[in-house]
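Taken in sequence, the protein lines are chains E and Y. Under my numbering, think of the first position of the first sequence as 1, with each following residue one higher. Under my numbering, think of the first position of the second sequence as 1001, with each following residue one higher. Ideal Cβ placement from N, Cα and C applies to all residues, glycine included. As the structure is a prediction and not an experimental result, all values here were calculated from the model.
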Amino acid sequence: MATVEDVLESVTQSQASKYKTIEVQKDIEPQLDLGNLLTVDQNPLDLKKLRGDKEAYLKSQARDNTQLLFNAIWKLPTERVEEAICVKLPETTTVLPREKPIPKAKLQTKWEQYALLKGIQKRKKGRMVWDEEAKDWKPRWGYKRANDETKDWVIEVPGNADPNEDQFEKRMKAKKERVAKNELQRLRNIARGTKSKVPGVGLTPTEKPSKEEVGLALHLAKKSTASLGKFTEKLPKEKEAKHVGKKRKFEPAIGDFKKEKEQQLNIINVMENKKPKMDITKAVNRVMTEVDQEASSDDRRKRAGKVKNRRGPPRKKGSGGFGKKGSGGFGKKGKAGKGKGAKGMGGKGKGMGGKGKGKGKGR
Amino acid sequence: MATVMQRIVKPKTQAAKRALDVRSPKLEENDKVAMFIKGGHTSETITQVLKELYLLKKPNAITFKRKNIMRPFDDQSSIEFFSQKNDSSLFLFGSHSKKRPNNLVLGRLYDHHVLDMVELGVVHFRSMQDFPTEKIAMGTKPCLVFEGEAFEQDHEHRRLKSLLIDFFRGVKANNVRLQGLEHVLQFTAIDGKVMVMSYKVLLKKSGSRTPRVELTEIGPALDLEVRRTRLASDDLYKKACKKPKKGKPRKVKNVKTDVFGAKMGRVHMERQDFSKLQTRKMKGLKRQAPSNKENAKKAKTESSEPTAEES
């Protein structure tokens, strides 16, 4: 007698056998990168099958790996996006190189640095402003803006102005200068940000340069000739520029506490060091010169004893300068001729005088 | 420059600014575009290969119509120039010569300078036309399968794998339609050779929710042999792979979803005179001229009056 359970079991079994299985057996689990829909299978390939029926084998491999990938994908959370069932893919795990470098952070302008320092907050201003003349809301800046001075069709000539001056032209010029100044400041901000050289004050145009600025500009103009202004004549009332040249920059009195601390500690460290800080090459050279001087003085005493007319034909370069120049020359030699100098002088002594000198000079 | 507006010469129109913004370095980058270039001499095989791979890579691909006499391994400047002009960072250069028959150079660039280049020789090629089955729509994101131990063990093959993923992965997607997973590209590495096969996916019923996968071969089948390589140094590669720190995600303004799940947004308009709106012209509803109207009225009253009188 067949029980209900037996019947049900047989039905499910028959159903299951109708459909092919989605299970896949692999020795090494393939690595899946769902974000990229990628499967990397490291299992060794069956060379026999490859030689046999390559395409069928590769197809079966591909099918197995894709089945594994799909099994993983179907486990992800789904959502409905406009009549289609979509799966939300996770982030990609494969590291791939970028196309372009990472964008650099925006450079802070001079004003922004100052505002940050002072704690000034930015206040957002509305775009539209009430224009009293037109009795309408107009943009604060840009095309058809409110309170546009340059668009006045009537301008009252002020009492102290030159009657032949064109007031409209004056306003247009003022506007152009403002625009140019803005552009200059923008470029200066960029230059400061990219650490390229910024032309200092005195060279850049300002609306109403002060007396000092004019003087500085004049001085700079004078200096920027091929001979640094040595041969340009002075103007009748020109004063010699006083505060010119590079200013010495000192660290601010109260600034970076960390830096100050480090500096002070460094000083103490140097003072407290048991070994004196010594320039080895300098010390060696000094020792050498002393040795040479002693040697030369010894030689002189010896020779003075032996040969009477020691000072025969005056040796032009050699003996006269032997004591002083030679040692001086060798003293100056420093690192380069260290070994040579010692040998040359100590060994051959006077005989080497001229030659030695030559060597010293021709270094 | 960090942004477009911090250039020395600012763009004068909004369109120019947007165009420059598209090409500028960003946190989240655009999908990589590939250039398909033909060399001085090409064979029929190579032109066919380039054509078919271009179809696989469309729409993020540019094909060059003319032949370009250049040698990528000797001089990279022309490739870098093309990359700059077309704003693309992948290329596939095909050529044919006696010494290097059916040659493909697959490469990618970083900051418009060549990063990696791998020279592959097409040993055997079966075109898409040789497979008489139904093909896949353009732009489908393919599933990639890599087989063979070489792809993990050999340094050159590992870079080649990364290059192939970069080339063939398609658009970067967060959501994928389950029915749209139709294409599978398989790369197998067997002793110095790479086999490329392309399949279409058929989903069959299985006992469970996850379907059973069946594949039919469709697209081009290539047998490639790895010839020369010019790979980037490790530190340059590391630099190129650097990930930026993710900033705060931008709030999307003005978009809300209502109770039924529909996406709503607000459009702000200025005041309009509805009588002067530009709509579709329906002649029958046109307002007649006043003189015509009066005549029509008169005619009507005249016709109605006698009837009134009669009654």
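Task: Any chain E beta carbon closer than 8 Å to residue 1050(Y) - done: Within the second sequence, numbered from 1, the residue matching residue 1050(Y) stands at position 50. Contact of residue 1050(Y) with chain E is not assigned, every C-beta pair being separated by 8 Å or more.
Task: Exposure label - residue 1037(Y); buried when at least 16 CB within 10 Å - done: Numbered from its first residue, the second sequence carries residue 1037(Y) at position 37. Buried, because 16 or more other Cβ atoms sit within 10 Å of the Cβ of residue 1037(Y).
Task: Assigned secondary structure, residue 226(E) (DSSP; H/G/I helix, E/B strand, else coil) - done: The residue labelled residue 226(E) in the question sits at position 226 within the first sequence. When DSSP states are grouped into helix, strand and coil, residue 226(E) belongs to the coil group.
Open item on the list: Out of 1269(Y), 1085(Y) and 1113(Y), which one is the CA nearest neighbour of residue 101(E)?
Closed with: The sequence position of residue 101(E) within the first sequence is 101, counting from 1. The shortest C-alpha separation from residue 101(E) is found at 1113(Y).
- [ ] Take residue 1206(Y) and list the residues in its own chain whose beta-carbon comes closer than 6 Å to its own, dropping the five residues that flank it on each side.
- [x] In the second sequence, counting from the first residue as 1, residue 1206(Y) sits at position 206. Excluding sequence neighbours, residue 1206(Y) sits near 1212.
Open item on the list: If we define contact as Cβ-Cβ less than 8 Å, is residue 1008(Y) a contact residue for chain E?
Closed with: Indexing the second sequence from 1 puts residue 1008(Y) at position 8. With 8 Å as the cut-off, residue 1008(Y) counts as an interface residue toward chain E.
Task: C-beta neighbour in chain E for residue 1146(Y), strict 8 Å - done: Counting from one through the second sequence, the residue named residue 1146(Y) turns up at place 146. Taking Cβ atoms only, chain E reaches closer than 8 Å to residue 1146(Y), which makes this a yes.
TODO: Along the beta strand (DSSP E) that carries residue 1199(Y), what are the first and last residues, could you check?
DONE: Locating residue 1199(Y) in the second sequence gives position 199, counting from the first residue. Taken as a continuous stretch (DSSP letters only), the beta strand (DSSP E) holding residue 1199(Y) covers 1193-1204.
Open item on the list: Would you say residue 101(E) lies against chain Y (beta-carbon separation less than 8 Å)?
Closed with: The residue labelled residue 101(E) in the question sits at position 101 within the first sequence. At least one chain Y Cβ lies under 8 Å of residue 101(E).
TODO: Taking residue 1098(Y) as the reference, give the member of 1040(Y), 1082(Y) and 1077(Y) with the closest Cα.
DONE: The residue you call residue 1098(Y) lines up with position 98 of the second sequence. When only C-alpha atoms are compared, the closest one is 1040(Y).
TODO: Find the nearest neighbour of residue 99(E) within the set 1255(Y), 1183(Y) and 1240(Y), judged by alpha-carbon distance.
DONE: As a working mapping, residue 99(E) is identified with position 99 in the first sequence. A check of alpha carbon separations from residue 99(E) across 1255(Y), 1183(Y) and 1240(Y) identifies 1240(Y) as the nearest.
Task: Partners in chain Y for residue 129(E), counting only beta-carbon separations shorter than 9 Å - done: Here residue 129(E) refers to the residue found at position 129 of the first sequence. Those do not exist, as residue 129(E) stays about 17 Å from chain Y at its closest Cβ, beyond 9 Å.
Task: Rounded separation between residue 1008(Y) and residue 192(E) - CA only - done: Residue 1008(Y) sits at position 8 when you count from the first residue of the second sequence. Residue 192(E) sits at position 192 when you count from the first residue of the first sequence. Residue 1008(Y) and residue 192(E): Cα-Cα distance of roughly 13 Å.
- [ ] Give the straight-line distance between the Cα atoms of residue 223(E) and residue 1067(Y), rounded to the nearest whole angstrom.
- [x] Within the first sequence, numbered from 1, the residue matching residue 223(E) stands at position 223. Within the second sequence, numbered from 1, the residue matching residue 1067(Y) stands at position 67. Between the alpha carbons of residue 223(E) and residue 1067(Y) lies a distance of about 58 Å.
Task: chain E contact for residue 1212(Y) (CB, 8 Å cutoff) - done: By 1-based counting over the second sequence, the position of residue 1212(Y) is 212. Interface criterion met: the Cβ of residue 1212(Y) is under 8 Å from a Cβ in chain E.
TODO: Assign residue 7(E) to buried or exposed, taking buried as 16 or more other Cβ atoms, counted over all protein chains shown, within 10 Å of its Cβ.
DONE: On the first sequence, position 7 is the one that residue 7(E) refers to. A residue is called buried when at least 16 other Cβ atoms come within 10 angstroms of its Cβ; residue 7(E) does not meet this threshold and is exposed.
Task: Cα-Cα separation between residue 228(E) and residue 246(E), rounded to whole angstroms - done: The sequence position of residue 228(E) within the first sequence is 228, counting from 1. The sequence position of residue 246(E) within the first sequence is 246, counting from 1. Distance between the alpha carbons of residue 228(E) and residue 246(E): 16 Å.
Task: Unbroken alpha helix (DSSP H) run spanning residue 153(E), endpoints - done: As a working note, residue 153(E) is residue 153 in the first sequence. Secondary structure note for residue 153(E): it is in no alpha helix (DSSP H), with a DSSP letter that is neither H nor E.
Task: residue 1157(Y), buried or exposed, once every other Cβ within 10 Å from all chains shown has been counted against 16 - done: For the purposes of this step, residue 1157(Y) is identified with residue 157 of the second sequence, where counting begins at 1. With 16 or more other Cβ atoms from the protein chains shown falling within 10 Å of its own Cβ, residue 1157(Y) counts as buried.
TODO: May I ask you to report which of helix, strand or coil DSSP gives residue 269(E)?
DONE: Within the first sequence, residue 269(E) is the residue found at index 269, counting from 1. For residue 269(E), the secondary structure class from DSSP, reduced to helix, strand or coil, is helix.
TODO: Using 10 angstroms around the beta-carbon of residue 10(E), count the other beta-carbons present and answer buried if the total reaches 16, otherwise exposed.
DONE: Mapped onto the first sequence, residue 10(E) falls at position 10. Per the 10 Å Cβ criterion, exposed.
Task: residue 1183(Y), enclosing beta strand (DSSP E) - first and last residue - done: Within the second sequence, numbered from 1, the residue matching residue 1183(Y) stands at position 183. That run of the beta strand (DSSP E) goes 1183-1190.
Open item on the list: Tell me the DSSP secondary structure of residue 1214(Y) in three-state form.
Closed with: Position 214 of the second sequence holds residue 1214(Y). Reduced to three states, the DSSP call for residue 1214(Y) is strand.
- [ ] Could you spell out the range, first to last residue, of the alpha helix (DSSP H) harbouring residue 1155(Y)?
- [x] Working through the second sequence from its first residue, we reach residue 1155(Y) at position 155. That run of the alpha helix (DSSP H) goes 1155-1168.
TODO: Give a yes or no on whether the minimum CB-CB distance between residue 1015(Y) and chain E is below 8 Å.
DONE: Locating residue 1015(Y) in the second sequence gives position 15, where the first residue counts as 1. Proximity of residue 1015(Y) to chain E, defined by a Cβ-Cβ separation below 8 Å, is not satisfied.
TODO: Select from 127(E), 66(E) and 266(E) the residue whose C-alpha is nearest the C-alpha of residue 33(E).
DONE: Within the first sequence, numbered from 1, the residue matching residue 33(E) stands at position 33. Of the candidates 127(E), 66(E) and 266(E), the residue whose Cα lies closest to the Cα of residue 33(E) is 66(E).
- [ ] Would you grab the beta carbon distance between residue 1134(Y) and residue 1229(Y) for me? Rounded to a whole angstrom, and I think it's under 8 Å.
- [x] The count along the second sequence starts at 1 and reaches residue 1134(Y) at position 134. The count along the second sequence starts at 1 and reaches residue 1229(Y) at position 229. About 37 Å separates the beta carbon of residue 1134(Y) from that of residue 1229(Y), a gap too long to meet the 8 Å contact definition.
Task: C-beta neighbour in chain E for residue 1136(Y), strict 8 Å - done: In the second sequence, residue 1136(Y) corresponds to position 136, counting from 1. Not flagged as an interface residue toward chain E: residue 1136(Y), since no C-beta distance is shorter than 8 Å.
Task: For residue 79(E), the three-state DSSP class (helix, strand or coil) - done: The count along the first sequence starts at 1 and reaches residue 79(E) at position 79. Strand at residue 79(E).
- [ ] Name, in chain order, the residues that DSSP records as bridge partners for residue 1095(Y).
- [x] One-based indexing of the second sequence puts residue 1095(Y) at position 95. When DSSP reads this structure, residue 1095(Y) sits in a beta bridge with 1103(Y).
Task: Assigned exposure category for residue 318(E) - 16 Cβ within 10 Å defines buried - done: Locating residue 318(E) in the first sequence gives position 318, counting from the first residue. Low per-residue confidence applies at residue 318(E): pLDDT is 42, beneath 50, and the placement is therefore not dependable enough to give any value.
Open item on the list: Run through chain E and tell me which residues come within less than 7 Å of residue 1209(Y), C-beta to C-beta.
Closed with: Translated into the one-based positions of the second sequence, residue 1209(Y) becomes position 209. Within chain E, the C-beta atoms nearer than 7 Å to that of residue 1209(Y) come from 74, in chain order.
Task: Interface flag, residue 49(E) vs chain Y, CB-CB below 8 Å - done: Walking along the first sequence from the start, residue 49(E) turns up at place 49. With 8 Å as the cut-off, residue 49(E) does not count as an interface residue toward chain Y.
Open item on the list: So residue 1111(Y) contacts chain E; which residues on that side make the cut at Cβ distance below 7 Å?
Closed with: The residue you call residue 1111(Y) lines up with position 111 of the second sequence. Those within 7 Å of residue 1111(Y) in chain E are 100 and 101.
TODO: Below 8 Å between beta carbons is the criterion; list the residues of the region 1053-1070 of chain Y that meet it against any residue of chain E, in chain order.
DONE: Along the region 1053-1070 of chain Y, there is no position whose C-beta sits under 8 Å from a C-beta of chain E.
- [ ] Take the Cβ of residue 1221(Y) as the centre, count every other Cβ of all protein chains shown within 10 Å, and call the residue buried at 16 or more, exposed below.
- [x] One-based indexing of the second sequence puts residue 1221(Y) at position 221. By the neighbour-count rule (16 or more Cβ atoms within 10 Å), residue 1221(Y) is buried.
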